[in-house]
Structure formats: structure tokens, C-alpha cells
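Just so you know, we're using our numbering here: the sequence shown kicks off at 363 and counts up by one.
C-beta atoms are modelled at their ideal positions from N, C-alpha and C, and glycine is treated no differently.
These figures come from a predicted structure and were not determined experimentally.
Below: the structure, in C-alpha cells.
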Amino acid sequence: MAILDTAALLAWPVERLSKGIVAKSQLNELEKVSIEKAMLIESIDLIWVSPDETNLVKARNAASNSGDLTKLSMVDIDLIALCFQLNEVLYTDDYRIQNTLTKAGKSWKSVIQKGIDDVWVWMKVCTGCGKSKVSDSNNKESICDHCGSPFKLKKKKKK
Ligand SMILES: [Zn+2]
Numbered sequence: 363m364a365i366l367d368t369a370a371l372l373a374w375p376v377e378r379l380s381k382g383i384v385a386k387s388q389l390n391e392l393e394k395v396s397i398e399k400a401m402l403i404e405s406i407d408l409i410w411v412s413p414d415e416t417n418l419v420k421a422r423n424a425a426s427n428s429g430d431l432t433k434l435s436m437v438d439i440d441l442i443a444l445c446f447q448l449n450e451v452l453y454t455d456d457y458r459i460q461n462t463l464t465k466a467g468k469s470w471k472s473v474i475q476k477g478i479d480d481v482w483v484w485m486k487v488c489t490g491c492g493k494s495k496v497s498d499s500n501n502k503e504s505i506c507d508h509c510g511s512p513f514k515l516k517k518k519k520k521k
């Protein structure tokens, strides 16, 4: 399980968000970006948590120590507080949150990984009908379900 910031809620597919931990205050933040997206996010099985006062104090102290407090929003502080409260990793691309967490000895990961795997995907292309699909670990069949011809692997650049 991991805590997800609003950038992750906006960027990731629903399957990846499933069972993620989010702060209740993020829903308002999402509604400001997109009502449809907020409704979608509300409908999936996320774990909505409000940080308690003790951990909000720890979060504000940590942000103050790293010099980031004045630049962080209430939602940002909630997310940092959840890191203290639950001791889970936070997915965020906000460098002020990252800085606060690093100085407080808490862990975080980037929402958008810039690694090579995210630039290229392997596609399976049917040698018969030309139908293609993304090749991943959940998708190991080697014969096209459409025409029965074998697949060929092809590297494709992500959009
Ligand atoms: Zn085929």
C-alpha cells in the first residue's frame, strides 16, 4: 500500500490506484481540476484517511525544519502527515514535499517515472491479422485470440 498525491490520481490508470491511500482533502482539490475525474476517483476502492492532529503537528514541524512550510498547501501537509501516521511511502512529484520527507527520513517515490521502461513499450503484433496489444506480465499468450496466428514482439514508443 502507498499514499498517493493528486498528481498520481490524475496520471495513473484506475487499476494502479486501487487500494491506494489518499487524504480526504484531496477530493476538493480534484473537484477544482475536474468534476468528472473527482467522481471517477470517488467511485474506486481507495482508502480515504484524515490525518490526526498529532501527525499534522509533526508534518508542520518537518516542513518548517526543511524550510518548505510556507510553500506547502493544506493538502500537501495532510499528505506529509499521513506519511508520519501510516509509515507508508508517498508517491509525489512535488519537490517541496519530497524535500520535507527526505529531511524527515520518510520515503517517497516519483509519480511519473522517467526510466527507459516508460518511454518504450513492447507490443505483440499478430503476423496474421495485424492486431496488436501491449505485452506485459499479465498477458503471456503467444497466439492471436482473433485469428490464431503467432504474435511477433515489436518495440513501440509511448505517446
Ligand atoms: Zn490475428
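Item: When DSSP builds the beta bridges, which residues end up paired with Cys488?; Value: Phe513
Item: Pull up the distance between the alpha-carbon of Asn461 and that of Asp430, whole angstroms please.; Value: 8 angstroms
Item: Tell me where the beta strand (DSSP E) around Lys493 begins and ends.; Value: From DSSP, Lys493 is part of no beta strand (DSSP E); its letter is neither H nor E.
Item: Where does the unbroken beta strand (DSSP E) through Ala474 begin, and where does it stop?; Value: As written in the sequence, residue 474 is Ile, which differs from the Ala given in the question. It is not in any beta strand (DSSP E) - Ile474 carries neither H nor E in the DSSP assignment.
Item: In this structure, does DSSP put Ala385 in helix, strand or coil?; Value: strand
Item: Taking the continuous beta strand (DSSP E) assigned at Val523, which residues delimit it?; Value: For the chain, the structure presents residues 363 to 521; residue 523 sits outside this window and is missing.
Item: DSSP state of Ile478, grouped into three classes?; Value: With a pLDDT of 46 at Ile478, under the threshold of 50, the modelled position of that residue is not reliable, and no figure is offered here.
Item: If you drop the 5 nearest sequence neighbours on each side, which residues of the same chain put their C-beta closer than 7 angstroms to that of Lys493?; Value: Cys506 and His508
Item: Heavy atom of ligand 1 less than 7 angstroms from the Cβ of Lys493, yes or no?; Value: yes
Item: First and last residue of the alpha helix (DSSP H) that includes Ser426?; Value: Glu415 to Asn427
Item: For the alpha helix (DSSP H) that contains Lys465, what are its first and last residues?; Value: Tyr457 to Lys465
Item: Within 10 angstroms of its Cβ, does Pro413 collect 16 or more other Cβ (buried), or is it exposed?; Value: buried
Item: Taking its Cβ as the centre, do 16 or more other Cβ atoms sit within 10 Å of Val384, making it buried, or is it exposed?; Value: buried
Item: If you follow the alpha helix (DSSP H) that Ala443 is in, where does it begin and where does it stop?; Value: Met436 to Leu448
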